[in-house]
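Read through the structure below, which is laid out as structure tokens, and then see the notes.
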Amino acid sequence: MASENSESAKLSDEELQDLVASTDTGGRVPSNQKIITLLAATALIWSIFQVWIASPLPYTIGWGAFSGREARPIHLAFAIFLAFLAYPAFKSSPRRRIPLGDWAFAIIGSLCAFYLFLADTALIKAISGSRLSDRSGNPNDVDIVVAIIGMALLLEATRRALGPPLMVVAMVFLGYTFFGPYAPDLIAWKGSSFGGTVDQQWTSTNGVFGIALGVSTDLVFLFVLFGALLDRAGAGNYFIKVAFSLMGHFSGGPAKAAVVASGMTGLISGSSIANVVTTGTFTIPMMKRVGFNSEKAGAVEVASSVNGQIMPPVMGAAAFLMVEYVNIPYFEVVKHAFLPAIISYIALVYIVHLEAQKLHMKGLTRAGEVKTARDVVLSWLISLSGIFALAGGLTYASEAYQLLQGTSERLIAVLAILVIQFGIIKMVKNKANVSTYARTISTGAVVLGNAVIVSFGLFFLISFIQDTAGAELTPWVVGALVLVAYLFLAKYSSGYPDLEIDDPNQPIAKLPEVGPTLKSGLHFLLPVVVLIWCLMVERLSPSLSAFWATALMLFILLTQRFLFAMFRNEAKNGTIKRGLDELVEGMIAGGRNMIGIGIATAAAGIIVGAVDQTGVGGKLAALVEFLSLGHIMLILFWTAILSLILGMGLPTTANYIVVSSLLAPVIVALGQQNGLIVPLIAVHLFVFYFGIMADVTPPVGLASFAAAAVSGGDPIRTGFVAFFYSLRTALLPFLFIFNTDLLLIDVSPLEGVLIFIIATAAMLIFTAGSQGYFFAKSKMWESAALLLIAFTLFRPGFWLDYVVAPYEERGGDQLIQAMADVNPGDELRLLIDGTDDVGDAITLTMLVKVGDEATGEERVEAYGLELLEDEGKVIVDGVGFDSAAEKAGFDFDQVITSVGVPVERPAKELFYIPAFLLLGLIIMLQRRRRDLLAQTATA
825 MASENSESAK LSDEELQDLV ASTDTGGRVP SNQKIITLLA ATALIWSIFQ VWIASPLPYT
885 IGWGAFSGRE ARPIHLAFAI FLAFLAYPAF KSSPRRRIPL GDWAFAIIGS LCAFYLFLAD
945 TALIKAISGS RLSDRSGNPN DVDIVVAIIG MALLLEATRR ALGPPLMVVA MVFLGYTFFG
1005 PYAPDLIAWK GSSFGGTVDQ QWTSTNGVFG IALGVSTDLV FLFVLFGALL DRAGAGNYFI
1065 KVAFSLMGHF SGGPAKAAVV ASGMTGLISG SSIANVVTTG TFTIPMMKRV GFNSEKAGAV
1125 EVASSVNGQI MPPVMGAAAF LMVEYVNIPY FEVVKHAFLP AIISYIALVY IVHLEAQKLH
1185 MKGLTRAGEV KTARDVVLSW LISLSGIFAL AGGLTYASEA YQLLQGTSER LIAVLAILVI
1245 QFGIIKMVKN KANVSTYART ISTGAVVLGN AVIVSFGLFF LISFIQDTAG AELTPWVVGA
1305 LVLVAYLFLA KYSSGYPDLE IDDPNQPIAK LPEVGPTLKS GLHFLLPVVV LIWCLMVERL
1365 SPSLSAFWAT ALMLFILLTQ RFLFAMFRNE AKNGTIKRGL DELVEGMIAG GRNMIGIGIA
1425 TAAAGIIVGA VDQTGVGGKL AALVEFLSLG HIMLILFWTA ILSLILGMGL PTTANYIVVS
1485 SLLAPVIVAL GQQNGLIVPL IAVHLFVFYF GIMADVTPPV GLASFAAAAV SGGDPIRTGF
1545 VAFFYSLRTA LLPFLFIFNT DLLLIDVSPL EGVLIFIIAT AAMLIFTAGS QGYFFAKSKM
1605 WESAALLLIA FTLFRPGFWL DYVVAPYEER GGDQLIQAMA DVNPGDELRL LIDGTDDVGD
1665 AITLTMLVKV GDEATGEERV EAYGLELLED EGKVIVDGVG FDSAAEKAGF DFDQVITSVG
1725 VPVERPAKEL FYIPAFLLLG LIIMLQRRRR DLLAQTATA
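The numbering of the sequence shown is our numbering, which starts it at 825 and goes up by one.
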């Protein structure tokens, strides 16, 4: 009976697509072909407009450039127009036709948004005598009427596209703007007039048309469009097939493949729900086939799909907002987010492995000869040793090294390494039989090793082109080389059959072969490489990086069908038209996918504008500080709870905007008062992580409901299992608040490698402890010990601080002497008595990095502090403009009460020794118990 209920709960493919559409792109499908064409044309024009404003072409020809203030109203006008036409008002509203009222709302709402662009043009100034920017801060009656109507229709569009929660939160903040005098004393304020609110929320860039909508306009759209084009080209199916070919033969293989596939499709899908349905349609039935129940199969897909938003280089939309809010380049955001994301995915694969071990699952049958674990390790070692020995031998031989000082010589050396290496591989392949070749050469190791070598080669090639061709010709030469690379990869990939989309409900006799599967879509990786190169190496803006990747993707969509037919000597008739149709479909899908994000960022702007206008952020911060009793852990806990609660109804982007606006500064300030210097990026990533956790958390985790619709399982149980699997994602934010090494802040490359190894080991041990299974089922004390070991590996300094205090405390009057006593580059910890913004007394902690000046007085002066001694107190008498002291938060009239001088201490890593000894004991006991159970079972 349960099985029948489970099966009946499953949705058909059409119903699943309707679920995604109703959440992401709009659930209305008109029967009138002209209306369908109008909707598609609007989305297409929106995409073309966004590509145009992101391209350098308007600046090159001197026409068609739009400022941010001009582009944002147009962006929102498209979003509102499509929202009213694509999203029905209620569940009972017609799906096959568009009511007249919705047409009116769509037209009026889009005109109200477009008004900000139109009212600031020369034409309007000629007609009315003034333009909108001429009356900044003083809106006229027309401005007020347009703003009131526009705000009302924006809130209704928000309700339709995103549900009531975000609309209600925005209305509460908007109501507080007007009724502030009647609010409780704790949050009361003087209130605002219609004119003041209109200026703040609609006619300026502080509210609806603020930073959030600006990021949606300038950055997020192109990344969403890039993903839609990549998916339309066939990359989504390619990623899934590659993941299954690589992972499907392992124990619990389909679940491991689901994790890898979801990580890769995270590149092309900004929606957790779309990711669940896209990959889950194939992975969930296969997981059930090898032994996972419906809830666990759905939970694995949910946990891996939601994590797609934290996976660099293309993260969720909120990551682009961090660029503006934290004021750092996107490269830095990716760098800080990289390690936690990788660790989280590795841990999820391990969770799946443990679940498979508990149930003694087998993998799917793999095509071709399957290597043993011993052969895999041996072939990797032989292949990598040979590659790096060859590379190292050519580079570091003393005679050769002198010749490799120039860029061209180094480029020749890289080419020589590749040619010699592939010559050796060809020779081994010709001389050895298939079995010997497989045990000797690992394709994965060859790809990995050469990826490193080719990366260096690309650096040398770009430098060589810049030196030879000059700055003006370099982009053209690089573009030509990318085109040649695309043609080569297309020809190479065309030698392998196209990947068919499998029916997930049909049994799989065997998995696809790794080699042919991987090689059949190598050209899909080229736009991703271009995007990563522009973002991470050339350090172009995210907008321009996404433009170049999207431009290449447009070209690939247009030509790939024709090129594949040509290289295969097949009929080329209609291939260009088919490519053009797919390109247009991808552009339309990109526009439809952006409706919800555009509306969400505009509605969240209402909240940000209200917080800015009313100052309620500081009052709520005081309330949270009171509830946390001044403890940093409690405020982090309350922040996590608030993110989860808001995330039950708000999309990730809006959730991040609201919580980070309210609480990010509070956490930093409270950390300072608790002696913990918390980097702002760590706080924003903390909020971001818990925002995406809301898609998992029952009872309203939308991704869990989508997975249950695919699996036929219970959505609430699926949500609880997914939340349990996602505990590692909930743990990481707390860890990188207290151990910023995980965010690669102020660490060397070698330290980064060591941190990655230790942190990964710690996360796997934490996973084993929380799952209650390691090599065998864990006893209670073993699980507790594993969690303790994981904590020690993550934060060894916690124990060291109890053994040896990190600082020798001196009086504030010893600051100058302390500055003289320590080495340049050391950090002193200062305790400062001062006042907050409302005059209440607070104690702050400052870390002062010591310079290399000769005396203590000179070091204090170079840091930017002017000190005054008065009755034994050391008082800050002045702070240098734009000095290190000003950036650290020093201010006039603060009193330095204590100076902490760093002391010589043993390495904190010494605590790894007892942790690993205890781990070894647990492994020994569990392996003995596992072997004993195996012997009993076979007896």
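Even glycine gets a Cβ: it sits at the ideal position worked out from N, Cα and C.
Note that this is a predicted model, so its numbers are computed, not measured.
Whether residue i touches residue j by CB criterion (8 Å)
| i | j | result |
| --- | --- | --- |
| Ala1708 | Lys1673 | yes |
| Thr866 | Phe929 | no |
| Ser1725 | Leu1639 | The question names Ser, but residue 1725 is Val in the sequence shown. Against a cut-off of 8 Å, the Cβ pair of Leu1639 and Val1725 comes out as no contact. |
| Leu990 | Ala1424 | yes |
| Leu942 | Ile951 | no |
| Thr1476 | Val1126 | no |
| Val1483 | Val1511 | yes |
| Gly1004 | Thr1438 | yes |
| Val1100 | Gly1077 | no |
| Leu1163 | Leu1494 | no |
| Val1278 | Ile1289 | no |
| Tyr1062 | Phe1348 | yes |
| Ala1609 | Leu1742 | yes |
| Glu1632 | Val1727 | yes |
| Tyr1549 | Leu1172 | yes |
Residues of its chain near residue i, where Cβ-Cβ distance is below 6 Å and the 5 sequence neighbours each way are ignored
| i | result |
| --- | --- |
| Ile1035 | Glu1148 |
| Glu1406 | Arg1056 and Leu1381 |
| Phe1598 | Ala1592 and Gln1750 |
| Gly1596 | Ser1602 and Ser1607 |
| Thr1027 | Pro963 and Asp967 |
| Ser1535 | Ile1108, Ser1118, Ala1121 and Gly1122 |
| Ile1505 | Val1150 and His1160 |
| Ser934 | Ala901, Ile904 and Phe905 |
| Lys1080 | Met1071, Phe1074, Val1173 and Val1176 |
| Ser1485 | Val1432 and Val1435 |
Spatially closest choice to residue i from the options, by CA coordinates
| i | options | result |
| --- | --- | --- |
| Ala1546 | Leu1494, Met1748, Ala1413 and Val1176 | Val1176 |
| Asp1755 | Lys1601, Phe1371, Val1083 and Ile1656 | Lys1601 |
| Ile1011 | Thr1001, Ser879, Ala864 and Gly1020 | Thr1001 |
| Val1684 | Gly1696, Leu1668 and Val1646 | Val1646 |
| Met874 | Leu1046, Gly1058 and Tyr1310 | Reading off the sequence shown, one finds Gln at residue 874, where the question assumed Met. Of the listed residues, the one whose Cα sits closest to Gln874 is Leu1046. |
| Asn1393 | Ser1318, Met1377 and Gly1439 | Ser1318 |
| Pro854 | Trp927, Ile869 and Met1604 | Trp927 |
| His1455 | Glu1179, Ile1491 and Asn1479 | Ile1491 |
| Arg1753 | Leu1070, Glu1606, Val1719 and Trp876 | Glu1606 |
| Asp1519 | Tyr1169, Asn1131, Pro880 and Ala1237 | Asn1131 |
| Ala1530 | Phe1391, Met975, Arg896 and Val1124 | Val1124 |
| Val993 | Gln1245, Ile1430, Ser1086 and Lys858 | Ile1430 |
| Leu1305 | His1160, Leu1350, Ile1356 and Ala1665 | Leu1350 |
Min CB distance residue i to chain C below 8 Å
| i | result |
| --- | --- |
| Ser1279 | Reference to chain C is not applicable here, since this structure consists of a single protein chain. |
Same chain, Cβ closer than 8 Å to residue i, neighbours up to 5 away in sequence not counted
| i | result |
| --- | --- |
| Phe1714 | Ile1656, Met1670, Gly1688, Leu1689, Val1700 and Val1703 |
| Leu1364 | Cys1358 and Trp1372 |
| Ser1168 | Asn1131, Ile1134, Arg1552, Thr1553, Leu1556 and Met1587 |
Same chain only: Cβ atoms within 7 Å of residue i, ignoring 5 sequence neighbours per side
| i | result |
| --- | --- |
| Thr1383 | Gly1403 |
| Asp1023 | Gly961 and Pro963 |
| Leu1555 | Phe1590 |
| Ala1015 | A small fix is needed here, since residue 1015 is Gly in this sequence, not Ala. Cβ within range, chain order: Phe1002, Phe1003, Gly1004 and Pro1005. |
| Ile1501 | Gly1495, Thr1669 and Leu1671 |
| Thr1298 | Ile1289 and Gln1290 |
Do the region 1606-1621 and the region 1584-1596 make contact, defined as three or more Cβ pairs closer than 8 Å?
-> yes
Specify whether the region 1334-1342 and the region 1369-1376 touch according to this definition: at least 3 beta carbon pairs, one from each stretch, less than 8 Å apart.
-> no
Fully enclosed by the region 1519-1585, which beta strand (DSSP E) runs are 3 residues long or longer?
-> none
Only counting runs of 4 or more residues, tell me where the alpha helix (DSSP H) segments fall wholly within the region 1333-1406, in order along the chain.
-> 1338-1343, 1349-1356 and 1366-1391
Does the pairing of the region 1730-1748 with the region 1675-1688 give three or more beta-carbon distances under 8 Å?
-> no
Is there contact here, the region 1035-1054 with the region 886-903, by at least three beta-carbon pairs under 8 Å?
-> yes
When the Cβ atoms of the region 1247-1255 are set against those of the region 1284-1294, are three or more pairs found closer than 8 Å?
-> no
Residue ranges of each beta strand (DSSP E) run of no fewer than 3 residues wholly in the region 1710-1746, ordered along the chain?
-> 1719-1726
Below 8 Å, can you find three or more Cβ-Cβ pairs linking the region 974-986 to the region 907-921?
-> yes
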